[in-house]
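Heads up, the thing below is written out as structure tokens.
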Amino acid sequence: MMRKTSVLVCGSGFGKIYLNAINKMDDFYISGILGSGSKRTKVLADKLGVPYFKDVNDDRIIADLACVIIPNSGAGGRGFEVAKSLLKRGISVLLEHPVHEKEILECLKVAKDNGFMINPFYRYTQPFLDFLEILVELKKQSNIVNMSLECSINVLYDGIDMLSCCLNSISSWVLGDVSDLRNLDVKDKICDTVLVSEIGNTPVTFKINRNVDKYDADHPMHLYHRIEATFSNGRLCLINTNGPIVWLPFIELPRDSNNLLSFDSNNEALKIPTATVIGSSVAPSILNTFEEIWINAVKRAIVELNNQDRNSKLSNVQSQIFVSRLWSDICKKIGYTNQVEYHKVGDTKKIHENLMKKYQK
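Pasting the structure below:
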């Protein structure tokens, strides 16, 4: 019987997603939770029946690998220090993003023969994997003319990583002009910043919302990733992080020999839909996102780390160094977060029901 891989989970906020994922993996088990001493962490450990640790150097910690889901220095946390301490103990580490380049290199140096991987997370979610598969297929038949990423600043790092997957890699870029879009009638001055750039040979436009709720940095999910790739034969859109995916084909207006518009009913090309939702036409619910999409994303990342060899470790580090550099450059260019307080937005369930009743056919 094959021995299960023991996993230490560090952090109990987003770490709860990791805990739920590991509990559903046949070949892995939770060997403990490392926290800062909060009641939340202790409650989770007691509920799961696993050891609870407050000191990363605790001799009782036994783990083959550790998932460090604690903010890194860029967010005022100690995730990087925890990761480094665990690597020194010979424990492989999956470190949540965002991470600065110097932190990545220092962890790699300490890791030696241990596994080490940055987890940008959203590249492992099924809706994005579906989008990427379609994009790769389209690239066989056409060229990408330009791309765009629209997102909240708190998911910019992983949005850049998603772009790197679409473009195969990012190693060179030129950042252009910046424009701030402000609504002066809104109390908190909703601020979108538009940045034009060129990544490799591909023009890329960023539209980044810099507002962060001072009471909950995970808001707002409706401003997570929107990615568009324009090809010479159409446009592929990931409407939001969890979909849906829409394909808009290039449709040439038909003309006859006299250059007049001609709408011949026998022309099969005219019967192609002007837009097609590929896959599910409805994005998953929040509950489904937490319980299935995010859990499966964590599983994929953990398995990848566990199967990691030297080449894949260096490949991950190299790609994340470029992602981190571009993330830092963009943040310096557009400015960092704008603290706001999101006010009452209405009964979202009732709004949804009213829209479906009135417009859904």
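Just so we're aligned, residue 1 is where the sequence shown starts under the UniProt record's numbering, counting upward by one. The beta-carbon is built from N, C-alpha and C at its ideal position, and this holds for glycine as well.
Residue range of the beta strand (DSSP E) that includes residue i
{"i": "GLY15", "result": "First-last for GLY15: 15-23, but that is the alpha helix (DSSP H), not the beta strand (DSSP E)."}
{"i": "GLU198", "result": "191-199"}
{"i": "GLY176", "result": "173-182"}
{"i": "GLY32", "result": "28-34"}
{"i": "ILE334", "result": "It is not in any beta strand (DSSP E) - ILE334 instead sits in the alpha helix (DSSP H) that spans 310-334."}
{"i": "SER6", "result": "5-10"}
{"i": "PHE206", "result": "202-209"}
{"i": "LYS65", "result": "Per the sequence shown, the amino acid found at residue 65 is Leu instead of Lys. Counting along the chain, the beta strand (DSSP E) containing LEU65 begins and ends at 65-68."}
Distance, residue j Cα to residue i Cα
{"i": "GLN141", "j": "SER232", "result": "9 Å"}
{"i": "SER31", "j": "ILE144", "result": "46 Å"}
{"i": "ASP311", "j": "PHE116", "result": "Just to set this straight, residue 311 is Asn in the shown sequence, not Asp. One C-alpha to the other measures close to 12 Å."}
{"i": "VAL340", "j": "ILE153", "result": "13 Å"}
{"i": "ALA83", "j": "GLU101", "result": "14 Å"}
{"i": "LEU94", "j": "SER285", "result": "27 Å"}
{"i": "HIS225", "j": "CYS165", "result": "14 Å"}
{"i": "VAL110", "j": "LYS88", "result": "6 Å"}
{"i": "GLY15", "j": "LEU181", "result": "35 Å"}
{"i": "LYS42", "j": "SER73", "result": "24 Å"}
{"i": "ASN201", "j": "ASN146", "result": "9 Å"}
{"i": "LEU326", "j": "ILE104", "result": "14 Å"}
{"i": "HIS219", "j": "GLY346", "result": "15 Å"}
{"i": "LEU156", "j": "VAL317", "result": "18 Å"}
{"i": "GLY159", "j": "LYS39", "result": "33 Å"}
Where the alpha helix (DSSP H) containing residue i begins and where it ends
{"i": "MET117", "result": "Not the alpha helix (DSSP H): MET117 falls in the beta strand (DSSP E), residues 116-119."}
{"i": "GLU353", "result": "348-359"}
{"i": "GLU133", "result": "126-139"}
{"i": "ARG226", "result": "Note, ARG226: premise wrong, no alpha helix (DSSP H); beta strand (DSSP E) at 226-231."}
{"i": "MET162", "result": "156-166"}
{"i": "ILE295", "result": "294-306"}
{"i": "THR41", "result": "39-48"}
Neighbour-count burial assignment, residue i, 16 or more Cβ in a 10 Å radius
{"i": "LYS252", "result": "The identity of residue 252 in the sequence shown is Glu, whereas the question assumes Lys. GLU252 comes out exposed."}
{"i": "TYR359", "result": "exposed"}
{"i": "PRO254", "result": "exposed"}
{"i": "ARG210", "result": "buried"}
{"i": "GLU137", "result": "exposed"}
{"i": "GLY79", "result": "buried"}
{"i": "MET356", "result": "exposed"}
{"i": "TYR122", "result": "buried"}
{"i": "THR289", "result": "buried"}
{"i": "ASN266", "result": "exposed"}
{"i": "PHE131", "result": "buried"}
{"i": "ALA75", "result": "exposed"}
{"i": "MET162", "result": "buried"}
{"i": "SER319", "result": "buried"}
{"i": "GLY37", "result": "exposed"}
{"i": "THR193", "result": "buried"}
{"i": "VAL282", "result": "exposed"}
Own chain residues within Cβ distance below 7 Å of residue i, not counting five before or after
{"i": "TYR124", "result": "ALA297, ARG300 and ALA301"}
{"i": "PHE28", "result": "LYS4, THR5, VAL7, ILE22 and ILE302"}
{"i": "SER197", "result": "TRP173, VAL174, LEU175, GLY176, VAL204 and PHE206"}
{"i": "ASP213", "result": "HIS219, VAL340, GLU341 and TYR342"}
{"i": "ASN167", "result": "Before going further, note that residue 167 is Leu rather than Asn in the sequence given. Correct list, in chain order: ILE199, GLY200 and THR202."}
Heavy atom of the ligand SAH within 7 Å of residue i beta-carbon
{"i": "VAL340", "result": "This structure does not include the ligand SAH; it has no bound ligands of any sort."}
Neighbourhood of residue i by C-beta distance below 6 Å, restricted to the same chain and skipping five residues each side
{"i": "ILE91", "result": "ALA63 and ALA66"}
{"i": "ASN338", "result": "CYS191, ARG210 and ASN211"}
Chain-order list of residues whose beta-carbon lies under 8 Å from that of residue i (same chain, five-residue window excluded)
{"i": "ILE295", "result": "ILE17, ASN20, ALA21 and LYS24"}
{"i": "ILE272", "result": "PRO249 and ILE251"}
Three or more beta-carbon pairs under 8 Å between the segment 240-260 and the segment 269-283, yes or no?
yes
If you pair each beta-carbon of the segment 114-130 with each one of the segment 301-308, do three or more pairs fall below 8 Å?
yes
Are the segment 255-266 and the segment 218-230 touching, with three or more C-beta to C-beta distances below 8 Å?
no
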